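Colleague: Heads up: the sequence lines are chains A and B, in that order. By UniProt numbering, the letter at position 153 of the first sequence is numbered 153, and the numbering carries on one by one without gaps. By UniProt numbering, the letter at position 198 of the second sequence is numbered 198, and the numbering carries on one by one without gaps. First the structure, which I've put down as structure tokens, then a few questions once you've had a look.
Protein chains: 2
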Amino acid sequence: MNDIARRTVFFVSDGTGITAETLGHSLLAQFPEARFRQVRAPFIDDIDKAIDCATQIREAAAEDGVRPIVFSTLVNQATVDALHKSDALFLDLFERFIGPLEAELGQRSTHAVGRFHGIADSLNYKHRIEAINFAMAHDDGISSEGELAEADVILVGVSRSGKTPTSLYLAMQFGVKAANYPLIPEDFERNKLPGELHKYRGKLFGLTIAPERLSQIRQERRPNSRYAALENCRYEIDAAHKLMRRENIRCLDSTTKSIEEISATILQTIRVDRPGF
Amino acid sequence: MNDIARRTVFFVSDGTGITAETLGHSLLAQFPEARFRQVRAPFIDDIDKAIDCATQIREAAAEDGVRPIVFSTLVNQATVDALHKSDALFLDLFERFIGPLEAELGQRSTHAVGRFHGIADSLNYKHRIEAINFAMAHDDGISSEGELAEADVILVGVSRSGKTPTSLYLAMQFGVKAANYPLIPEDFERNKLPGELHKYRGKLFGLTIAPERLSQIRQERRPNSRYAALENCRYEIDAAHKLMRRENIRCLDSTTKSIEEISATILQTIRVDRPGF
């Protein structure tokens, strides 16, 4: 019998709530035994909405039989006060950290609501959108002559080794322009990098994956195909390894790594010539 | 003369550092007047790396003439201690919040290092990757008959109104399967939704954009084209509005909104039948 009470967790914000949710997830992952139900409460930017949210928190407490946990990034004190009329464990991210930051910087914070993208961030935002468009336009080897010059990184690896999601994450999170290029049997037969990749050695980063995992992923796409057969996956991965070793391409195994981990590792090895890198 | 000292900000983590960076960015955006240089320090998962990082912090302090600010999600106390041998404003996310959470839950945290994806998260991770593949496979109207049944949301709007980056963000951040479908002049002439969209009215969500902004974005793609002409952008947006109004499609203006804001708003209005929504 499962006698652990379920807890409701609220992510409350005057903006998107993504900061509250990101930190909340990281903290809750430290308690793998606990059972959580998650509720997003974004755009709580006036007192009426905060009062409604407090009511939701009280209802969740009554339903669960234990008080909820609230991760909050509310900036406006009146909304904070309204929220605190309910009973919960409040983990207030701004309250804890804004004070020390103000003291350190000798400046008052703007206390601007919904400030997900500050002034300093708007250029970063533009870079991110451009990088997403770049990743889409240069996915899966669809790059014309000369276009890869603009890439910050070019991911290479066999089909379904994780290149596309990683390219998109690099773009979305960091504004890094990532192209990706599949290594296919024809490349192994020629024993040469495809297309113009030899021109951009410094930007190349290889992804590899365990043959068993690759076969499983490919099975979901094309069941019982030669493409998905374990033997073929072994051959392709082995040939890709040899090619990458010969060409001196740094390589990472994506089998048990998330796109976040792969991206953070790539950023440690490539050079991006923009502020923030 | 600019007499504000530049501060170096470190994002230190035993994992990817993305949590530290997300919270850090939100907090720093509250100080738009300050000048920051950002340094990522991911994968600080042993004492030697923490000692190296402490050295980097001291060097930054010497260079800037002011001590750095450090956002940290280190879990291991020995690495925390090694880091704290340098002088900085330490904003330690786990230290502040793990204690209250342990007390509330009546459980010790695992103190597991690099725990970006906990056990509970691995299913979410799978959903996210599937959703990214789905968004890629159903971008820009490339959906075959019946395939849209699987979508959680279908974004519609004129070309370059923000559908693709929003679809990808919904997938990446929330594991939401988002297809997107452009509304093109032929649709306005026929005065009907394209393809099979009429079958999925409950999943449709419209994006619109100011004509001036749209024209500017399209100019970057195809300078001096009819496609980018302000007059044509006005016509398309107006026609799209009329079509969406007639078909009762909820619609959001993306002109001054980030993909985070658009996505959080969409999630408030659509129904996703999975835990966490």
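We put the beta carbon where it would ideally sit given N, CA and C, even for glycine. In this text, all values refer to a predicted model and were calculated from it rather than measured experimentally.
1. Distance cutoff 9 Å, beta carbons only. Does residue 60 of chain A sit that close to anything in chain B?
2. Near residue 91 of chain B, what residues of its chain come up, given a Cβ to Cβ distance below 6 Å and the 5 sequence neighbours on each side ignored?
3. So is residue 56 of chain A in contact with chain B if we call contact Cβ pairs under 9 Å?
4. Would you call the region 191-211 of chain A and the region 245-256 of chain A in contact, with 3 or more CB pairs under 8 Å?
5. Hey, could you find the ends of the alpha helix (DSSP H) residue 188 of chain A is sitting in?
6. Give me the DSSP bridge partner(s) of residue 208 of chain A.
7. With 9 Å as the threshold, decide whether the Cβ of residue 139 of chain A is near any Cβ in chain B.
8. By the criterion of Cβ-Cβ separation under 9 Å, what are the contact partners of residue 112 of chain B in chain A?
9. For a cutoff of 9 Å on Cβ pairs, would you count residue 227 of chain A as touching chain B?
10. Cβ atoms of residue 22 of chain B and residue 23 of chain A: under 9 Å apart, would you say?
11. How long is the line joining the alpha carbons of residue 236 of chain A and residue 185 of chain A, rounded to whole angstroms?
12. Along chain B, which residues have their Cβ under 7 Å away from the Cβ of residue 311 of chain A?
13. Residue 272 of chain B to residue 155 of chain B, Cα distance in whole Å?
14. Relative to the C-alpha of residue 147 of chain B, which residue among B:14, B:181, B:214 is closest?
15. Taking only beta-carbon atoms, is residue 44 of chain A less than 9 Å away from chain B?
16. At 4 residues or longer, and completely inside the region 86-144 of chain B: list those alpha helix (DSSP H) runs for me, N to C.
17. For a test of the three-state rule: what should DSSP assign to residue 17 of chain A, helix, strand or coil?
18. With 16 other CB atoms within 10 Å as the buried threshold, where does residue 128 of chain A fall?
19. State whether the region 191-210 of chain A contacts the region 138-146 of chain A, with contact taken as three or more CB pairs (one from each stretch) at a distance under 8 Å.
20. Could you give the distance in angstroms between the alpha-carbon of residue 187 of chain B and the alpha-carbon of residue 229 of chain B?
21. With H, G and I counted as helix, E and B as strand and the rest as coil, what does DSSP make of residue 80 of chain B?
22. Let's see if you can read the secondary structure: which residues bound the alpha helix (DSSP H) around residue 58 of chain A?
23. Counting only the same chain and skipping the five closest in sequence on each side, list residues whose C-beta sits under 6 Å from that of residue 135 of chain A.
24. Identify, in the order they occur along the chain, each residue of the same chain with its Cβ nearer than 8 Å to the Cβ of residue 102 of chain B, setting aside the five sequence neighbours on each side.
25. List the residues of chain A that residue 65 of chain B touches, going by C-beta distances under 7 Å, in chain order.
26. Using only alpha-carbon positions, find the residue among A:164, A:133, A:215, A:163 that is nearest to residue 165 of chain B.
27. If you draw a straight line from the alpha carbon of residue 95 of chain B to that of residue 9 of chain A, how long is it in whole angstroms?
28. Looking at the structure shown, is residue 230 of chain B part of a helix, part of a strand, or coil, going by DSSP?
29. Got a sec? Which residues, its chain only, sit under 6 Å from residue 267 of chain B by beta carbon, not counting five neighbours each side?
30. Starting from the beta carbon of residue 250 of chain A, find every residue of chain B whose beta carbon is closer than 9 Å, and list them in chain order.
31. Which chain A residues are close to residue 16 of chain B, counting only those with a beta carbon under 7 Å from its beta carbon?
Modeller: Working from what's here:
1. no
2. 71
3. no
4. yes
5. 185-190
6. A:253
7. yes
8. 29, 30, 32
9. no
10. yes
11. 7 Å
12. Residue 311 of chain A falls outside the range modelled here, since chain A spans only 1 to 277, and no answer is possible.
13. 15 Å
14. B:181
15. no
16. 93-105, 121-137
17. coil
18. buried
19. yes
20. 19 Å
21. helix
22. 47-64
23. 167, 168, 171, 178
24. 108, 109
25. Going along chain A, no residue has its Cβ under 7 Å from residue 65 of chain B, so there is no contact; the nearest lies around 14 Å.
26. A:133
27. 20 Å
28. helix
29. none
30. Those within 9 Å of residue 250 of chain A in chain B number zero; the least Cβ separation is about 15 Å.
31. 260, 261, 264
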